[in-house]
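In my numbering, the protein residues as written are -12 to 281.
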């Protein structure tokens, strides 16, 4: 029996879609389907009701899901413990985090309390939101740090984990100052010309937030560039390529220096909540100190 089969099944149980689950597991759908079938063959019972849409867990699948989740968590924990013992060091505190948060928040905070937590060792997994959530769900990581928004549905079962809201910041529309001035880019007083727009992948969390900001309004935006990475969009914005919505912390230095300007008022902003998740019962003593420090 392959541990990957359990991780595949846990992912499928969460998203209830073979195509999406295969994408999250970074394998083809046919290979993913074969691995789920192999797990069912190993157990001797069907775990998935394939005739329904979306697919559903069978009664056996519902019974087996918590067993699979616990098995992955236990295997991950013992692997981490044995490695730490072999090295004679404390275990890594493992974070799954969006790249933007890692660069603009987490790295600074860890540096702040390194001296307060003896022998602190941290491993960061920077990835997209769905992968980060999966890393926490399957026990590969101890902590998950990501943005939340009141009008965007969570992408994983938050109720299964402890949550701490660390703070809030604004998602704001910005542009390179000279380009905005010369182009007359102003969402509050738009002219007849189309404003070049640098957008997020529609399937991304921040893409969903921007959709909520726009609502039923139709600002004169012409999509010129699309990316899932905030830092990539920021670079395009700094080159004067167009207007982008970015978390304020991402452009705080550029705003202070006058290199970047806001191109819309409060009605074009959204509040993001930075939230930390973990399974408290699985934290070691160092992990508890990290949870209390953040």
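The beta-carbon is built from N, C-alpha and C at its ideal position, and this holds for glycine as well.
Run the CB neighbour count on residue i, radius 10 Å, all protein chains shown included, and call it buried at 16 or more, exposed below.
i, result
"residue 224", "buried"
"residue 202", "exposed"
"residue 204", "exposed"
"residue 104", "buried"
"residue 11", "buried"
"residue 183", "buried"
"residue 297", "Past the boundaries of the shown model lies residue 297; the chain is included only from -12 to 281, so the question cannot be answered."
"residue 178", "exposed"
"residue 18", "exposed"
"residue 154", "exposed"
"residue 129", "buried"
"residue -5", "buried"
"residue 243", "exposed"
"residue 56", "buried"
"residue 287", "Residue 287 lies beyond the residue range present for the chain, which begins at -12 and ends at 281; the question has no answer from this structure."
"residue 160", "buried"
In chain order, what residues of the same chain lie with their CB nearer than 6 Å to the CB of residue i, ignoring the 5 residues before and after it?
i, result
"residue 60", "126"
"residue 166", "227"
"residue 215", "188 and 191"
"residue 107", "101"
"residue 252", "175"
"residue 156", "234, 235, 236 and 259"
"residue 277", "80"
What's the gap between the Cα of residue i and the Cα of residue j?
i, j, result
"residue 24", "residue 97", "43 Å"
"residue 256", "residue 66", "44 Å"
"residue 100", "residue 93", "11 Å"
"residue 194", "residue 31", "42 Å"
"residue 173", "residue 90", "29 Å"
"residue 79", "residue 209", "45 Å"
"residue 51", "residue 279", "34 Å"
"residue 241", "residue 198", "25 Å"
"residue 272", "residue 162", "45 Å"
"residue 117", "residue 3", "14 Å"
"residue 266", "residue 274", "10 Å"
"residue 33", "residue 47", "7 Å"
"residue 200", "residue 254", "8 Å"
"residue 281", "residue 14", "35 Å"
"residue 142", "residue 109", "25 Å"
"residue 35", "residue 211", "42 Å"
"residue 206", "residue 29", "55 Å"
"residue 95", "residue 219", "21 Å"
"residue 152", "residue 139", "16 Å"
For residue i, which residues in the same chain have their Cβ closer than 8 Å to its Cβ, ignoring the five residues on either side in sequence?
i, result
"residue 245", "164"
"residue 221", "231, 233, 237 and 238"
"residue 171", "178 and 180"
"residue 16", "5, 6 and 9"
"residue 144", "1 and 124"
Please look up how many angstroms separate the CB atoms of residue i and residue j, rounded, as I've assumed it's under 8 Å.
i, j, result
"residue 192", "residue 134", "7 Å"
"residue -9", "residue 22", "6 Å"
"residue 0", "residue 44", "6 Å"
"residue 84", "residue 119", "6 Å"
"residue 136", "residue 54", "About 34 Å; that fails the 8 Å criterion."
"residue 148", "residue 122", "Residue 148 to residue 122, Cβ: 12 Å. No contact."
"residue 351", "residue 217", "This structure leaves residue 351 out entirely; the chain is present only between -12 and 281."
"residue 58", "residue -7", "6 Å"
So, are the CB atoms of residue i and residue j less than 9 Å apart?
i, j, result
"residue 150", "residue 262", "yes"
"residue 168", "residue 248", "yes"
"residue 213", "residue 185", "yes"
"residue 269", "residue 114", "no"
Which same chain residues end up closer than 7 Å to residue i when comparing Cβ atoms and leaving out the 5 residues on each side of it in sequence?
i, result
"residue 250", "160, 161, 162, 167, 172, 173, 174 and 230"
"residue -2", "8, 11, 12 and 121"
"residue 41", "3 and 4"
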